[in-house]
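These notes concern the structure reproduced below.
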Amino acid sequence: MSSAEVVAVYPNRIRIAVHDPAELSKDPVEVGSYLKIFDSSHGSIIAIIENYSIELRPGKDAGADREKVYLIEAIPLGFITNDGHFSRGGGGVAIPPKKVSVAVKDEVQEIYNTIGGDRRFHFAQLAQDTSVDVPVDGDKFFSRHIAVVGSTGSGKSHAMARIIQNATQMRDDDEYGEYHLNNAHIVIFDIHSEYRTAFPGANHLAVDSLILPYWLLNAEELQDLFVESNEEQSHNQVATLKKSITEGKKRGFVGSEERRETIHYESPVFFEIDEVLAAIKAKNEERIPTKTSDRAGPLFGKLDNFLTRLENRVTDRRLDFLLGDRAKNVELEDVLRQFTGYDPTSLANVTVIDLSGVPFEVLSITVSLVSRLLFDYSYYFKKLNSASVDTPLLLVYEEAHKYVPKSGLAKFSSSRNAIERIAKEGRKYGITAAIVSQRPAEISETIFSQCSNFLAMRLTNPEDQNYVKRLIPDSLGPLTESLPVLSSGEALLLGDAVVMPSRVIMDQAVPAPSSNDVRYMREWIRPWRDVNFATVVDDWQK
Numbered sequence: 001m002s003s004a005e006v007v008a009v010y011p012n013r014i015r016i017a018v019h020d021p022a023e024l025s026k027d028p029v030e031v032g033s034y035l036k037i038f039d040s041s042h043g044s045i046i047a048i049i050e051n052y053s054i055e056l057r058p059g060k061d062a063g064a065d066r067e068k069v070y071l072i073e074a075i076p077l078g079f080i081t082n083d084g085h086f087s088r089g090g091g092g093v094a095i096p097p098k099k100v101s102v103a104v105k106d107e108v109q110e111i112y113n114t115i116g117g118d119r120r121f122h123f124a125q126l127a128q129d130t131s132v133d134v135p136v137d138g139d140k141f142f143s144r145h146i147a148v149v150g151s152t153g154s155g156k157s158h159a160m161a162r163i164i165q166n167a168t169q170m171r172d173d174d175e176y177g178e179y180h181l182n183n184a185h186i187v188i189f190d191i192h193s194e195y196r197t198a199f200p201g202a203n204h205l206a207v208d209s210l211i212l213p214y215w216l217l218n219a220e221e222l223q224d225l226f227v228e229s230n231e232e233q234s235h236n237q238v239a240t241l242k243k244s245i246t247e248g249k250k251r252g253f254v255g256s257e258e259r260r261e262t263i264h265y266e267s268p269v270f271f272e273i274d275e276v277l278a279a280i281k282a283k284n285e286e287r288i289p290t291k292t293s294d295r296a297g298p299l300f301g302k303l304d305n306f307l308t309r310l311e312n313r314v315t316d317r318r319l320d321f322l323l324g325d326r327a328k329n330v331e332l333e334d335v336l337r338q339f340t341g342y343d344p345t346s347l348a349n350v351t352v353i354d355l356s357g358v359p360f361e362v363l364s365i366t367v368s369l370v371s372r373l374l375f376d377y378s379y380y381f382k383k384l385n386s387a388s389v390d391t392p393l394l395l396v397y398e399e400a401h402k403y404v405p406k407s408g409l410a411k412f413s414s415s416r417n418a419i420e421r422i423a424k425e426g427r428k429y430g431i432t433a434a435i436v437s438q439r440p441a442e443i444s445e446t447i448f449s450q451c452s453n454f455l456a457m458r459l460t461n462p463e464d465q466n467y468v469k470r471l472i473p474d475s476l477g478p479l480t481e482s483l484p485v486l487s488s489g490e491a492l493l494l495g496d497a498v499v500m501p502s503r504v505i506m507d508q509a510v511p512a513p514s515s516n517d518v519r520y521m522r523e524w525i526r527p528w529r530d531v532n533f534a535t536v537v538d539d540w541q542k
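Going letter by letter, the sequence shown gives residues 1 to 542 in full-length UniProt numbering.
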């Protein structure tokens, strides 16, 4: 009798009885080990051990001790031919299956090495054997949106930072000679100021250096910023805002009369916000002359709340990056250069947009406007250049659940629409998204359904675990059972870009992103520390 034999075959798993583990392999066989099930003379099925149990069976002879039989359940991952070609899936197991053996390290590495040449991109090793490199197909990985999910402390930011570091370090000196910057263009929406330390040479944009002109906002963003949708007069507010802004854009346009007539509400043309405020105030105070005296205009007194909101926004110093003087004195080209790393004073592969100082009430609008501008830039760049000229963009959305939730609330609609557009259409124009979140179940399903590659790190919330399970093929469902017990830095690597689903250990980011966790024990054990309240209050009141 063989030391191991297939005893049951199901659509997504294979059961194997092992009579003598020592004969199966000299090395330990454990959950996560790879097996080869010889299915034909042409090759074998590769399967990964999901679990095992021990069954005591009667001995062969009367009075003999009962025999231990190890029942292994394995998930089939694909089929490898005798000449080393690996294909995912592989179908069922033929009757009768011929032999079962453990796939040794060199055999496993050969499977991963089927990705080669200039498509090979590396950032992780196999968790079961860290001497086995697990590359991905770089083209498939970056051109088909990425999802990185995991609970707090699982290592999401470190993983994303390492991937970006490796992308910016790629070179082809043989083809192009030595050069300082490659052609990678990556924009990180950094909501917790984590990435500055990981990318000291990046283009860092915080609220004091970010320029995001209000006159580039579209209709949805303008209304999110200035209009309260649940107010009784919201329809009048929208109509008045639209008319005032359109007239302001036409009035301030410097160019031919023919082009002036084509300007509309959403044209990316400068207008003076103070003039719009004055026009709306005039409408709110308008009185129409009659033969005897005058009467209140149609909007008289109906825009009071609207005006108060407008004035509060315009005078809010926290919004200077959006509504202040520097937003009035900038060209669209300069705005695009700032986000794509083409600022002449600081060329950079990576642009980190620090959102930690952006007020929450305009966070969605900020993300929406930047995303929409970069999508439109990619569209027009692709339109004007040949297929051989590309500058692909990767947009990294950290803590994405905070600005693209499933919620139907109006305040999230602009950012959700902008990112969903990138998810659905971005690939055609060389702009893709990496969605990073600790709460995948709270993110727009439209966005996640477009992701073709997943790094699933430790997830402890059952709702999030189930959500991730629903996103991947049924045949791989059992692999996700390990999600709540993954170590920090471990991940399930799944998707089009990887040869086969793998449990991996991520390379460490060097330098690493900063952790904002306050170390309570270290701080509380210290002597009493005085606080300068005056400086705190001064910064607050600015």
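Ideal Cβ placement from N, Cα and C applies to all residues, glycine included.
Would the beta-carbon of residue i fall within 9 angstroms of that of residue j?
i	j	result
I49	E23	no
L210	P268	no
G426	H145	yes
S244	K283	yes
A418	V362	no
E398	G155	no
K382	K428	yes
F300	Q233	no
K36	A103	yes
S502	S193	no
S452	A497	yes
V404	I443	yes
R458	S151	yes
K242	A279	no
S488	G153	yes
L455	A159	yes
Give the straight-line distance between the Cα atoms of residue i and residue j, rounded to the nearest whole angstrom.
i	j	result
V485	N461	12 angstroms
E5	Y34	15 angstroms
S414	N82	53 angstroms
V18	Q169	47 angstroms
F199	K140	25 angstroms
W540	D320	15 angstroms
R421	S482	33 angstroms
F270	E247	11 angstroms
L323	V330	12 angstroms
G341	A206	15 angstroms
A296	R287	5 angstroms
R519	P527	15 angstroms
V352	R416	20 angstroms
G78	Q128	18 angstroms
R66	V7	19 angstroms
V310	F226	The sequence given here places Leu at residue 310; Val does not occur at that position. Approximately 6 angstroms, taken between the alpha carbons.
T130	A509	17 angstroms
L126	D106	13 angstroms
E523	R439	30 angstroms
V370	D376	10 angstroms
Among the candidates the options, whose CA atom is the shortest distance from the CA of residue i?
i	options	result
S3	K68, S356, D354, E175	K68
P135	S515, R529, V504	V504
Y380	K411, L409, G430	G430
L277	D208, V314, K26	V314
I263	E272, V254, K249, E275	K249
D132	V389, I111, V149	At residue 132 the sequence reads Val, which differs from the Asp that was named. Nearest of V389, I111, V149 to V132, Cα basis: I111.
V9	G43, P76, P58, E55	P76
L212	D517, D325, F454, K402	D325
L494	G116, N12, V149	V149
A433	R337, L222, R372	R372
V350	P392, E178, D334	P392
R162	D530, H204, T197	T197
S407	Y377, L384, A423, T446	T446
D354	E175, A239, E30, D190	D190
V238	F253, E221, V254	E221
E228	V499, A410, H401	A410
E30	P11, N12, D39, S53	S53
On the DSSP bridge assignment, give the partners of residue i in chain order.
i	result
F454	A147, L494
Y520	Bridge partners of Y520: none, in fact.
S53	L71
R15	A8, E73
P405	I443
Y34	I48
R88	G78
N203	T351
K99	F38
**Those runs of the beta strand (DSSP E) which lie wholly inside the region 234-298 and span at least 3 residues** = 287-289, 294-296
**Message:** Extract the residue ranges of the beta strand (DSSP E) inside the region 115-197, only unbroken runs of 3 or more that lie entirely within it.
**Reply:** 120-126, 129-137, 146-149, 185-190
**In chain order, each alpha helix (DSSP H) run of at least 4 residues that lies wholly inside the region 359-402** = 363-384
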